[in-house]
Amino acid sequence: MGKIVVPFGSQHVALPEPISFLFDTENEIITKVEAHIGYVHRGIEKAAITRFEYNQLPYLTARVCGLCSITHAGAVVHGIEKLMDIEVNKRIDYLRMLVVELDRIHSHMLANGHVAEVVGYENLFMQTFRAREDVMDVLERITGNRVQYDYQTIGGVARDIDLETAEFAKKKLKKLKENVLKVMEFHDSDYTFGLKTKGVGVISKEMAAKYNTAGPIARASGLETDVRAEFDYLPFEEVGYKMQTRKEGDVWARNMVRFDEVLNSIEMCENILDNLPQGEHQVKVKGRPKGETVVRVEAPRGECFYYLKASGKKVMDRVRIRVPTYANIPILKELFLGAKYSDAQAIVLSFDPCMSCTAR
Amino acid sequence: MGFFSKFRKKSPWILHYNTGGCNGCDIEILSALAPRYDIERFGMLNRGNPKQADILLVTGPVTKNCKDVLRRLYLEMAEPKVVVAMGACAHGGGIFRDFYHVENGVNNIIPVDVWIPGCAPRVEALIDGMVEAIEIWQQKSKEKEYLRDHENIIKTLGVEDDD
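Sequences listed follow chains A and B, in order. Using the working numbering, the first residue of the first sequence is number 1, and each one after it goes up by one. Using the working numbering, the first residue of the second sequence is number 1001, and each one after it goes up by one.
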């Protein structure tokens, strides 16, 4: 049987993201992969040090990625606050944590729904998205927008939360939890869904460590890595953060890890809403950033790394962004070799690909 | 109006392409397909095939890499077709204006019929824009406007010597 080259993306029927793969296939088994990921490169790092002032940076880096906008903005805000020696109060920390976790919930639900769709379960996709609308409502009520929040500003958050909103959020989160458990139960018990996802695209623990994977992909293989536990930027431990891991390392395990994290995040959000400290939602800011620092934050897809350098001017000297999706591309290429072409779609989407941050 | 146009207006198919935006608009499009907003009640389906699509839904500021893909998608679609530009960065670049790898908006590459403003636009705004797009699409199929300006469009797209 001869070699057949199959293109997959960009603008392929099956792949909505602007990434393209060239598969060499023999008898439907993939033997060689070529990936092109630069379709959406915009040059944000360059613009961050030429066109934007330091206090505009959170709004720019939020546009690196729409799904994890709050973590990108949060990383820059945290870094600049470190450079300017600003201490924020407990209430600001808690409000930031609340929105970060809500964002994680909606991103994970979206990823899981997407995987369900490509393995042929359109109804499951619809159910997951119906459940997701609850958390979008909460986010809209708290921040004022559904996707791009622009919630974190240097020295505080954009708006405070009132008692009514907190009650609303608690009610919605309770409903969300029931729905998530229902969808999770289906993932756990359905035989046909298991055939499509269990044992597909398996990453062993050694492989995950060797290729330096990040986020839920690493945790689904049993590798214990989570920046929320490793780097001290927000007090996650106080509100009941627990690391979620699975051992299987296949498409199914990645989905289940995300669901576990959603449940953990819901618990954390409820704890935050119950024990919200008193205080102002903004503190006074003076001076300009000076010096250099690194920030690590946990985006929904894994570790997001920022290096910031400033010398007391309005414009920063260097803003370096390392995103988790880019770190996960090498192992993705490795996984394709020897896999069936029909599984390629499920493997790509189980990695929760987000080309906007990959190429920036 | 021809025989098929009468039925086609009840089911305009969408072709969605992200040309370098932040994915915020794209997840709103996904929400629009989901039960809460359910864009399918207008007969709209998101299909990736340009040959079968009636409405081209573009998000993002058009990066230099995506330019040719976008132009090819537009040319591959059958007439009459409507282009909808979604999000602030599709309107002349938005926050990404004049970055070194950005073409400053969809309008610089292909002609746009409907603009949906916002960063990111609400799903209601998206649905409103799509309904508007259907009206323009009906108008176009009635007037056969696309035949009139054909040469000019080919010139702006830069595909004179392209078969």
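C-beta: ideal position from N, C-alpha, C; glycine also.
Helix, strand or coil for residue i per DSSP?
{"i": "PHE1096 (chain B)", "result": "helix"}
{"i": "ALA1023 (chain B)", "result": "First, the residue type needs correcting, since residue 1023 (chain B) is Asn and not Ala in the sequence shown. In this structure, ASN1023 (chain B) counts as coil in the three-state DSSP scheme."}
{"i": "ALA75 (chain A)", "result": "helix"}
{"i": "GLU101 (chain A)", "result": "helix"}
{"i": "PHE23 (chain A)", "result": "strand"}
{"i": "SER1141 (chain B)", "result": "helix"}
{"i": "PRO324 (chain A)", "result": "helix"}
{"i": "GLY201 (chain A)", "result": "coil"}
{"i": "LYS1006 (chain B)", "result": "helix"}
{"i": "LEU308 (chain A)", "result": "strand"}
{"i": "ARG301 (chain A)", "result": "coil"}
{"i": "ASN1107 (chain B)", "result": "helix"}
{"i": "ASP1163 (chain B)", "result": "The predicted model places ASP1163 (chain B) with a pLDDT of 48, which falls under 50 and marks its position as unreliable; any figure quoted below should be read in that light. It is coil, neither helix nor strand."}
{"i": "GLU28 (chain A)", "result": "coil"}
{"i": "HIS106 (chain A)", "result": "helix"}
{"i": "TYR121 (chain A)", "result": "coil"}
{"i": "ASN212 (chain A)", "result": "coil"}
{"i": "PHE8 (chain A)", "result": "strand"}
{"i": "GLU140 (chain A)", "result": "helix"}
{"i": "GLU34 (chain A)", "result": "strand"}
{"i": "ASN1018 (chain B)", "result": "strand"}
{"i": "LYS340 (chain A)", "result": "strand"}
{"i": "ALA220 (chain A)", "result": "coil"}
{"i": "ALA48 (chain A)", "result": "helix"}
Using a Cβ-Cβ cut-off of 8 Å, state whether residue i counts as contacting chain B.
{"i": "HIS41 (chain A)", "result": "yes"}
{"i": "CYS65 (chain A)", "result": "yes"}
{"i": "PHE21 (chain A)", "result": "no"}
{"i": "ALA299 (chain A)", "result": "no"}
{"i": "SER356 (chain A)", "result": "yes"}
{"i": "PRO324 (chain A)", "result": "no"}
{"i": "ARG130 (chain A)", "result": "yes"}
{"i": "ALA366 (chain A)", "result": "Because chain A in this structure spans residues 1 to 360, residue 366 (chain A) falls outside the shown range and cannot be described."}
{"i": "PRO353 (chain A)", "result": "no"}
Is residue i near the ligand PLP, going by C-beta to nearest heavy atom under 7 Å?
{"i": "PHE23 (chain A)", "result": "By its list of ligands, the structure shown contains no ligand whatsoever, and the ligand PLP lies outside what it can speak to."}
Of all the CB atoms in chain A, is at least one closer than 8 Å to the CB of residue i?
{"i": "THR1063 (chain B)", "result": "yes"}
{"i": "GLU1028 (chain B)", "result": "yes"}
{"i": "TYR973 (chain B)", "result": "Past the edges of chain B, shown from 1001 to 1163, lies residue 973 (chain B), and the structure says nothing about it."}
{"i": "PHE1096 (chain B)", "result": "yes"}
{"i": "PRO1012 (chain B)", "result": "no"}
{"i": "ALA1125 (chain B)", "result": "no"}
{"i": "ALA1053 (chain B)", "result": "no"}
{"i": "GLY1043 (chain B)", "result": "no"}
{"i": "GLY1024 (chain B)", "result": "yes"}
{"i": "ARG1122 (chain B)", "result": "yes"}
{"i": "ILE1129 (chain B)", "result": "Note that residue 1129 (chain B) corresponds to Gly in the displayed sequence, not to Ile. Output row for GLY1129 (chain B): interface = no."}
{"i": "ALA1078 (chain B)", "result": "no"}
{"i": "ARG1036 (chain B)", "result": "yes"}
{"i": "SER1141 (chain B)", "result": "no"}
{"i": "MET1086 (chain B)", "result": "no"}
{"i": "ASP1163 (chain B)", "result": "Low per-residue confidence applies at ASP1163 (chain B): pLDDT is 48, beneath 50, and the placement is therefore not dependable, though the value from the model is reported in the following sentence. Output row for ASP1163 (chain B): interface = no."}
Are the beta-carbon atoms belonging to residue i and residue j less than 8 Å from one another?
{"i": "VAL1102 (chain B)", "j": "GLY1092 (chain B)", "result": "no"}
{"i": "VAL251 (chain A)", "j": "SER350 (chain A)", "result": "yes"}
{"i": "VAL297 (chain A)", "j": "CYS304 (chain A)", "result": "yes"}
{"i": "GLY38 (chain A)", "j": "ALA359 (chain A)", "result": "yes"}
{"i": "HIS281 (chain A)", "j": "GLY156 (chain A)", "result": "yes"}
{"i": "PRO100 (chain A)", "j": "ILE70 (chain A)", "result": "Sequence check: residue 100 (chain A) is Val here, not Pro. Yes, the pair counts as a contact, with Cβ atoms nearer than the cut-off."}
{"i": "GLU1143 (chain B)", "j": "VAL1114 (chain B)", "result": "no"}
{"i": "MET97 (chain A)", "j": "LEU234 (chain A)", "result": "yes"}
{"i": "LYS1009 (chain B)", "j": "ILE1134 (chain B)", "result": "yes"}
{"i": "ALA299 (chain A)", "j": "CYS68 (chain A)", "result": "yes"}
{"i": "VAL88 (chain A)", "j": "LEU57 (chain A)", "result": "no"}
*Evaluate contact between the segment 1018-1029 of chain B and the segment 325-345 of chain A, counting only Cβ atoms and requiring at least three cross-stretch pairs below 8 Å.*
no
*Are the segment 1051-1060 of chain B and the segment 103-111 of chain A touching by the rule of at least three beta carbon pairs closer than 8 Å?*
no
*Scan the segment 111-127 of chain A for residues whose Cβ lies nearer than 7 Å to a Cβ of chain B and list them as they occur along the chain.*
MET126
*asked:* Tell me whether the segment 151-166 of chain A and the segment 1059-1076 of chain B touch, counting them as touching only if at least three CB pairs, one residue from each stretch, are closer than 8 Å.
replied: no
*Quick check: the segment 202-216 of chain A against the segment 175-186 of chain A, are there 3 or more CB pairs under 8 Å?*
no
*Does the count of Cβ pairs from the segment 49-62 of chain A and the segment 1104-1117 of chain B closer than 8 Å reach three?*
no
*Per the contact definition of three or more C-beta pairs closer than 8 Å, is the segment 125-142 of chain A in contact with the segment 284-300 of chain A?*
no
*Got a sec: which bits of the segment 1092-1116 of chain B sit with their beta carbon under 7 Å from any beta carbon on chain A, in order along the chain?*
ILE1095, PHE1096, PHE1099, TYR1100, HIS1101 and VAL1102
*asked:* Closer than 8 Å is the cut-off here; do at least three beta carbon pairs connect the segment 1072-1086 of chain B with the segment 1030-1044 of chain B?
replied: no
*Count the CB pairs spanning the segment 217-227 of chain A and the segment 142-158 of chain A that are closer than 8 Å, and state whether there are at least three.*
no
*Output, in sequence order along the chain, the residues in the segment 156-178 of chain A whose CB is closer than 7 Å to any CB in chain B.*
none
_Residues of the segment 132-149 of chain A in Cβ contact with chain B at a cutoff of 8 Å, in chain order, please._
ARG132, GLU133, MET136, ASN145, ARG146, VAL147 and GLN148
*Would you check if there are 3 or more beta carbon pairs closer than 8 Å linking the segment 272-287 of chain A to the segment 191-203 of chain A?*
no
*Using 8 Å as the threshold, is the segment 254-265 of chain A in touch with the segment 235-245 of chain A, meaning 3 or more CB pairs across them?*
yes
_Near-chain B residues of the segment 195-229 of chain A - C-beta to any C-beta below 8 Å_ = none
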